[in-house]
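Protein sequence lines, in the order shown, are assigned to chains A and B. Just so you know, the first sequence maps onto residues 11 to 467 in the numbering used here. Just so you know, the second sequence maps onto residues 11 to 467 in the numbering used here. C-beta: ideal position from N, C-alpha, C; glycine also. What you are looking at is a predicted structure, and each value in this text was computed from that prediction instead of being measured.
2 protein chains.
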Amino acid sequence: MISTATLTKLSKVVGPDRLKTDPVSLAAHSFDGYVAEGMPSAVVFPKTTAEVAHIMAIASDGKIPITARGSGTNLSGGAIPVQSGIVLCLTQMNQIIEISTADRYAIVQPGVVNADLQHALHPFNFFFPPDPSSYSVSTIGGNIAEDAGGPRCLKYGVTHDYILGLEVVLSSGKIVRLGSRNVKDVTGYRPAGLFCGSEGTLGIVTEATLKIVPMPKARRTAMICYADLDDTANTVVSVIGAGVIPAAMELMDNTVINLIEDATAVGLPRDVEGILLVDVDGSEGSVDCELAEIVAVAKANHATEIKVATTAAESDALWRGRRSVYGVLNRLSPATIVEDATVPVSKIPAMIRGCRAIALKHNITLSILGHAGDGNLHPCINTDSRNKSESHRVEAAIREIFQLAIELGGCLSGEHGIGLAKSRFLPMGMSADSIDLLSTIKRAIDPHNILNPGKFT
Amino acid sequence: MISTATLTKLSKVVGPDRLKTDPVSLAAHSFDGYVAEGMPSAVVFPKTTAEVAHIMAIASDGKIPITARGSGTNLSGGAIPVQSGIVLCLTQMNQIIEISTADRYAIVQPGVVNADLQHALHPFNFFFPPDPSSYSVSTIGGNIAEDAGGPRCLKYGVTHDYILGLEVVLSSGKIVRLGSRNVKDVTGYRPAGLFCGSEGTLGIVTEATLKIVPMPKARRTAMICYADLDDTANTVVSVIGAGVIPAAMELMDNTVINLIEDATAVGLPRDVEGILLVDVDGSEGSVDCELAEIVAVAKANHATEIKVATTAAESDALWRGRRSVYGVLNRLSPATIVEDATVPVSKIPAMIRGCRAIALKHNITLSILGHAGDGNLHPCINTDSRNKSESHRVEAAIREIFQLAIELGGCLSGEHGIGLAKSRFLPMGMSADSIDLLSTIKRAIDPHNILNPGKFT
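Structure below.
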């Protein structure tokens with residue numbers, strides 16, 4: 011619990027309207043996109059960096075846990091205040107401060123929604139590459155905290171590849187600025203890289219200078235169908251191995267295809283075992299060449315049907331099914347656990363076969379989709395946490411999936427983060443000395459452990 | 011001085027042949043590409059990670075400074091052992107451990123020369139984008155320590171964009187592994203990003219897993235000449251602002267052009283005020299379109315001559331002059347100080363005008379070249395440190411150049427690092443609280459300050 015004196019101090023900083031302690035507000039900020047909850051004692055909505063700094067100084071004085079949050083779409087529990095305290099909701103710091111195309115940057119506050127930044131960049135023919143599935147609601151601050159990826163990160167890289175500079179409020183309440191607005195800057199350590207993906211455990215990002223990219227002039231989308239899931243996966247390995255890097259290369263198995271079709275009737279073929287959804291982009295001259303190379307590889311891997319979209323409307327139609335998948339999965343059961351074990355691309359066929367064998371062994375409902383082109387798979391498990399026997403089987407299966415990923419040279423998370431969901435698995439993926447280095451950094455920067463305590467650190 | 015007992019311990023780790031204390035060996039490792047010196051007490055040449063860990067444990071026990079080094083091409087003094095101690099020369103850890111094109115990575119030891127990695131990747135039609143001018147001799151370990159850039163980093167990004175995983179020996183002698191061989195990995199903090207650019211002050215990289223990239227199928231080079239340096243710079247601003255990102259876009263002023271021509275007679279026009287050397291790469295379909303856009307912008311900015319190379323041999327001929335520039339400059343005076351103040355691209359015209367005014371004011375020899383497309387300029391100063399009056403004027407000019415860069419929203423270093431050369435300027439580019447964060451990280455990871463002491467930390 012937070013003392014009345016502390017609440018009074020917080021109220022002086024943000025005013026009574028932007029400090030919430032009523033049960034409904036607290037409950038609304040007790041969860042995110044993961045299957046867990048933690049009730050905060052207060053929620054504050056700062057509008058300026060100075061307000062964040064004041065709030066942090068108050069939290070620091072009282073050693074009160076403080077958990078930052080944007081739209082709460084996190085899939086690994088990073089935004090859940092498991093040790094209660096203050097939730098710092100940054101959705102009202104939502105201004106786009108500057109866009110410069112000649113200098114290739116955009117300066118934004120953390121509460122700017124990813125899609126809103128894309129819309130603002132559109133008239134300039136520029137875009138911000140990270141495109142998590144949550145992009146229509148998730149905030150740039152959340153994208154930075156989790157080092158978000160997305161389908162087109164195959165070609166363009168993930169959030170940390172697009173951070174030029176950050177303004178960060180440290181746990182002491184001090185404000186630091188790291189990096190700059192220059193695409194090349196090697197002044198001192200690169201803590202901008204350290205803060206990205208730190209899940210709110212090292213500081214609060216209050217402003218970000220992001221690298222932006224010219225929109226490619228042309229795009230083609232292909233839907234490629236297979237009678238065999240191994241052929242589907244082998245195509246991915248062969249395409250990337252041949253040095254062709256599509257903008258996106260998504261894989262869906264038969265379970266996912268039929269779930270989408272049940273719910274949306276977008277016209278996916280129900281009888282195929284695997285679909286690849288492939289985007290290529292670049293110049294008008296290059297996209298057709300690249301697509302032809304991919305189609306040739308797909309045919310050599312026994313593709314049964316290939317549909318190519320050449321207009322934006324046709325591309326959108328092909329993508330509609332894929333985009334609907336999380337909504338569809340959420341209709342199936344009280345909870346959907348979307349894992350993101352990631353493996354080197356050459357190991358995708360083995361990883362998919364392994365995941366299916368694990369699901370069979372433990373009798374759980376598992377479907378496979380993912381950003382196959384970069385090895386970032388999303389084994390999705392539909393479950394009901396009230397079914398205790400099933401929950402135990404799900405837990406055992408998830409542990410085996412991560413063990414398999416690590417054995418194949420993979421990692422615990424490609425883009426969702428460790429958060430609550432995977433902190434217990436961290437020793438699988440890192441040595442004790444390596445974990446100790448993370449803890450050393452955490453203790454040095456947040457000595458009282460008030461920033462998002464109870465997560466992976 | 012290092013005690014005989016310590017030397018005996020070091021000799022037990024690497025054997026007498028790979029421990030040097032003779033004056034010639036010490037002198038040979040007392041300098042790098044910057045204008046300063048520091049004499050070590052011993053030089054060791056480890057061959058394995060285990061040897062590095064043992065050496066580090068010995069240094070840690072004795073609190074002996076330890077400065078890592080590859081080929082010593084550093085331009086900011088990062089490899090100079092200013093507090094003496096041990097120089098850890100990693101050139102014998104020069105094995106390429108694995109190349110996987112399907113998984114888009116190469117695993118290398120730190121002593122692998124950048125060019126040797128490029129040659130090894132060539133048969134697979136892949137490459138490693140960072141291409142510092144020193145690439146024919148500089149090592150990957152040095153490239154990582156300095157977060158090296160190069161001409162084609164305009165399109166492809168710098169070294170930190172290509173680090174998937176690192177094995178690092180900490181000052182305690184403990185070995186940690188960070189990141190993985192996965193292009194997407196958000197497991198814990200991203201200390202791989204922190205170590206890159208840390209100039210050997212946080213740990214010794216003993217193995218690196220690097221992202222590699224398919225070689226583009228086509229390339230064109232254009233040399234564009236101008237009667238006015240403002241027109242030259244304005245072309246850069248207009249091209250990038252229009253969303254055209256060439257692979258490289260180099261600028262040379264009349265002084266540089268004539269110096270190159272004096273020394274090499276490659277056929278550069280002596281009477282022009284500025285030259286842009288532009289590479290575009292991609293598919294056969296895209297390069298001509300992109301080049302046409304650039305040519306149109308150049309003509310609108312009053313270009314006086316445009317030469318286009320369509321074969322590799324013709325491209326190489328156009329690049330020969332630019333590549334020779336550091337050798338040429340070094341013939342002019344006992345020392346060449348190559349600065350790398352960097353500004354947002356839109357500020358390049360103002361930055362160039364400002365640098366020239368500063369040189370006139372202080373009566374120093376300054377020429378301008380640089381990776382203009384990403385704002386990373388290299389004002390080059392020819393000087394003789396024995397001329398004390400000139401040295402004072404050079405120092406004053408350099409300070410004003412950095413002040414100007416910061417005023418224009420730029421930074422102290424685009425790719426050469428802070429090292430010895432710019433540590434005194436750090437407060438110009440960062441607040442006291444931001445510098446304090448760097449120190450906090452340094453103290454936490456290297457509590458006895460034995461790793462490359464006396465540099466920016």
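Query	Result
Taking only the alpha-carbon atoms, compute the straight-line gap between B:ASP141 and B:THR320 and give it to the nearest angstrom.	21 Å
List the residues of chain A whose Cβ lies closer than 7 Å to the Cβ of B:ARG187, in chain order.	SER441, SER444
If you scan the stretch 42 to 88 of chain A from start to end, which runs of the beta strand (DSSP E) of 3 or more residues do you find wholly inside it?	52 to 54, 76 to 79
Does the distance from the CB of A:VAL288 to the CB of A:ALA327 come in under 8 Å?	no
Does the beta-carbon of A:PRO437 have 16 or more other beta-carbons within 10 angstroms, so that it is buried, or is it exposed?	exposed
Spatial neighbours of A:ARG330 within its chain, please: C-beta separation below 8 Å, excluding the five flanking residues on both sides.	THR274, VAL276
Which residue wins for smallest C-alpha separation from B:ARG200, given the options A:ALA454, A:LEU447, A:ILE304, A:ASP456?	A:LEU447
Name, please, each residue of chain B whose Cβ falls closer than 7 Å to the Cβ of A:ASN135.	GLY253
Report buried or exposed for B:THR14, applying the criterion of at least 16 other Cβ atoms within 10 angstroms of its Cβ.	exposed
Taking the beta carbon of B:GLN119 as the centre, do at least 16 other beta carbons fall within 10 Å, making it buried, or is it exposed?	buried
Which residue from B:ILE270, B:THR111, B:ILE109, B:SER441 puts its Cα closest to that of B:TYR336?	B:ILE270
In the DSSP output, what is A:LYS388 paired with across the bridge?	Looking at the sequence itself, residue 388 of chain A is His, so the reference to Lys does not match. Looking at the DSSP assignment, A:HIS388 forms a beta bridge with A:LEU379.
My assumption, with CB atoms under 8 Å, is that B:ASP350 sits in contact with B:GLU425. Please give the rounded CB distance.	6 Å
DSSP on B:GLU217, reduced to helix/strand/coil?	strand
If you draw a straight line from the alpha carbon of A:THR231 to that of A:VAL318, how long is it in whole angstroms?	6 Å
If you draw a straight line from the alpha carbon of B:THR31 to that of B:GLY25, how long is it in whole angstroms?	13 Å
Taking the beta carbon of A:GLU47 as the centre, do at least 16 other beta carbons fall within 10 Å, making it buried, or is it exposed?	exposed
Within the same chain, show all residues whose beta-carbon is closer than 6 Å to that of B:ILE347, passing over the 5 residues directly before and after it, in chain order.	ILE391
Output the boundary residues of the beta strand (DSSP E) element that contains B:ARG396.	No beta strand (DSSP E) contains B:ARG396, which DSSP labels as neither H nor E.
Which residues of chain A have a Cβ atom closer than 7 Å to the Cβ of B:ALA386, listed in chain order?	Before going on, a small fix: residue 386 of chain B reads as Asn here, not Ala. Per Cβ cutoff of 7 Å: LYS194.
Under the DSSP definition of a beta bridge, which residues are partnered with B:LEU176?	B:LEU188, B:ALA218
Interface residues of chain A around B:ILE455 at Cβ under 7 Å?	THR450
Would you say A:ARG162 faces chain B, with C-beta separation under 8 Å as the test?	no
Below 8 Å between beta carbons: does that hold for A:PHE466 and A:SER433?	yes
Using only alpha-carbon positions, find the residue among A:ILE109, A:LEU127, A:LEU180 that is nearest to B:THR450.	A:LEU180
Between which two residues does the alpha helix (DSSP H) containing A:ILE255 stretch?	Segment: none, A:ILE255 is in no alpha helix (DSSP H) and carries neither H nor E.
With 8 Å set as the bound, which would you pick, yes or no: does the beta-carbon of A:TYR236 sit closer than that to a beta-carbon of chain B?	no
With 9 Å as the limit, tell me which residues of the stretch 334 to 357 of chain B have their beta carbon closer than that to any beta carbon of chain A; keep them in chain order.	ASP350, THR352, VAL353, PRO354, VAL355, SER356, LYS357
Rounded to whole angstroms, what is the Cα-Cα separation between B:GLY284 and B:ASP238?	6 Å
Nearest to A:SER395 by alpha carbon, out of A:ILE374, A:ASN192, A:ASP298, A:ILE378?	A:ILE374
Is the stretch 103 to 121 of chain B in contact with the stretch 220 to 228 of chain B, if contact means three or more CB pairs nearer than 8 Å?	yes
With B:MET233 as the anchor, note down where its beta strand (DSSP E) starts and where it stops.	228 to 236
Taking the continuous alpha helix (DSSP H) assigned at B:CYS421, which residues delimit it?	From DSSP, B:CYS421 is part of no alpha helix (DSSP H); its letter is neither H nor E.
Under the assumption that B:THR149 contacts B:VAL178 (Cβ atoms under 8 Å), give the Cβ distance between them as a whole number of angstroms.	No, B:THR149 and B:VAL178 are not in contact; Cβ-Cβ is about 16 Å, not under 8 Å.
Could you check what DSSP says for B:TYR336 in three-state terms: helix, strand or coil?	helix
DSSP on B:GLU300, reduced to helix/strand/coil?	helix
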